[in-house]
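Asks: Quick one: the structure is below, questions incoming.
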């Protein structure tokens, strides 16, 4: 009887596990149902071409390519820049590519990761990045540094954002040493919203935020709310090589316009709504911080990610808290106590 009562009480689920749990809107579903399609492996799907053209325009790059996932987008990007096995990439020790992407750059590409400590804001000290670049005169002993990777916004740092000034500095360093720069921009639109407030330059558009990068991966299925996909952008030469690698990795799809149609709607309708997500995340952080036994660094909540700590002596564990709030229709990530404000359900 008690379980039946609880079931009746929970009329709506508040899912804060991740911004990847968003559901496509009715507009997206209609666009998918009516999408004009053809064979994208033959480069003739018109909806895919429209999405790629639009993303390249928004990002200020020569070309773009739709891929099934962010992991594949980052992997392709690294492998294009590091064609020679035994190449080395410099990246943060707490970044998504290094921790959550199955070590693909090494297992599939023979690329060696050289980590630099991520600061609390997701950045890496530029001096430490430069110190990590291998001396080419000692190539008999060392792998060859060919690439630097940044992540913006930085998920494991709580969605913190890198400023355009910082990104430019890293880009200048890369050019100085003949290296390429890739940005894992899974949430780059979130970062762009914040950068407009943080930067010394007022009103930083997303293309300016990634101007220094040779390639960027942009996820459509997180805060933008599309069901599937990432778009990588870069030069025409980069995209031509990326297409070959996409096919090699099994990412070439046929009538992919059905998926790309949702991505186009996401760009048209949801980018402007991200600032509202950030405001709700800040409100959540402030509220959680008032609860006895919980602690949130409210000032560090810049985008749609909220991390909170359970204080010692609170007599509750993370899994137990997740179970209790889950019984009331609130879903949290059990592995780490974080919440992501995202998606259409919270915009009503």
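Residue numbers (this note's numbering): 2 to 349.
Ideal placement from N, C-alpha and C gives every residue a C-beta, glycine not left out.
As the structure is a computational prediction, the values presented were derived from the model and not from experiment.
Report, in whole angstroms, the separation of the C-beta atoms of residue 28 and residue 223, which I expect to be a contact under 8 Å.
Replies: Incorrect: roughly 18 Å between the Cβ atoms, too far for contact.
Asks: With a floor of 3 residues, list each beta strand (DSSP E) that falls wholly inside the segment 116-190, ordered by position along the chain.
Replies: If we require 3 residues or more, the beta strand (DSSP E) runs fully inside the segment 116-190 come out as 145-152 and 181-186.
Asks: With DSSP collapsed to three states, give me the class of residue 278.
Replies: Residue 278: helix per DSSP, three-state reduction.
Asks: Out of curiosity, what's the CA-to-CA distance linking residue 217 and residue 132?
Replies: If you take the alpha carbons of residue 217 and residue 132, they lie about 24 Å apart.
Asks: If I follow the unbroken alpha helix (DSSP H) through residue 72, where does it start and stop?
Replies: Per DSSP, residue 72 belongs to the alpha helix (DSSP H) from 71-82.
Asks: Determine which residues share a DSSP beta bridge with residue 113 and list them.
Replies: Answer is 89, bridged to residue 113.
Asks: If you run the structure through DSSP and keep just helix, strand and coil, what is residue 252?
Replies: Residue state, collapsed to three classes: coil.
Asks: Report, in whole angstroms, the separation of the C-beta atoms of residue 125 and residue 93, which I expect to be a contact under 8 Å.
Replies: The pair is a contact, with the Cβ atoms about 5 Å apart (cut-off 8 Å).
Asks: For the beta strand (DSSP E) containing residue 213, name the first residue and the last one.
Replies: Looking at the DSSP string, residue 213 is not in any beta strand (DSSP E), and its letter there is neither H nor E.
Asks: Just the C-alpha distance for residue 155 and residue 229, rounded to the nearest angstrom, thanks.
Replies: Between residue 155 and residue 229, the C-alpha separation is close to 21 Å.
Asks: Could you tell me how far apart the beta carbons of residue 212 and residue 61 are, in whole angstroms, since I believe they sit closer than 8 Å?
Replies: With a Cβ gap of about 6 Å, residue 212 and residue 61 count as contacting.
Asks: Buried or exposed: where does residue 85 fall if 16 or more other Cβ atoms within 10 Å of its Cβ makes it buried?
Replies: Exposed, by the Cβ-count rule.
Asks: Residues in the same chain with beta-carbon distance under 8 Å from residue 333, minus the five sequence neighbours each way, listed in chain order, please.
Replies: Within the same chain, residue 333 has close Cβ partners 17, 18, 322, 323, 326, 327, 339 and 340.
Asks: Terminal residues of the continuous beta strand (DSSP E) containing residue 306?
Replies: First-last of the beta strand (DSSP E) with residue 306: 306-308.
Asks: Residues bridged to residue 300 by DSSP?
Replies: None; residue 300 has no bridge partner.
Asks: So, with DSSP's three-state summary, where would you put residue 14?
Replies: Residue state, collapsed to three classes: coil.
Asks: Can you check which of these residues, 320, 81 and 23, is closest to residue 181 by C-alpha distance?
Replies: Closest by alpha carbon: 81.
Asks: List the DSSP bridge partners of residue 65.
Replies: DSSP, once it has assigned bridges, lists 234 as partnering residue 65.
Asks: Would residue 264 be called buried (16 or more neighbouring beta carbons within 10 Å of its own) or exposed?
Replies: Answer is buried; the Cβ neighbour count reaches 16.
Asks: Is the segment 168-177 close to the segment 303-319, with three or more CB pairs under 8 Å?
Replies: With a cut-off of 8 Å, the segment 303-319 and the segment 168-177 do not count as touching, because too few Cβ pairs lie within range.
Asks: Taking the C-alpha atoms as reference points, what is the distance between residue 14 and residue 102?
Replies: Approximately 29 Å, taken between the alpha carbons.
Asks: Verify whether the separation of the beta carbon atoms of residue 287 and residue 194 is less than 8 Å.
Replies: Contact: no.
Asks: Whole angstroms are fine: how far does the CA of residue 266 sit from the CA of residue 273?
Replies: Roughly 12 Å between the two C-alpha positions.
Asks: At the level of alpha carbons, what is the spacing between residue 72 and residue 220?
Replies: Answer to the nearest angstrom: the Cα atoms are 10 Å apart.
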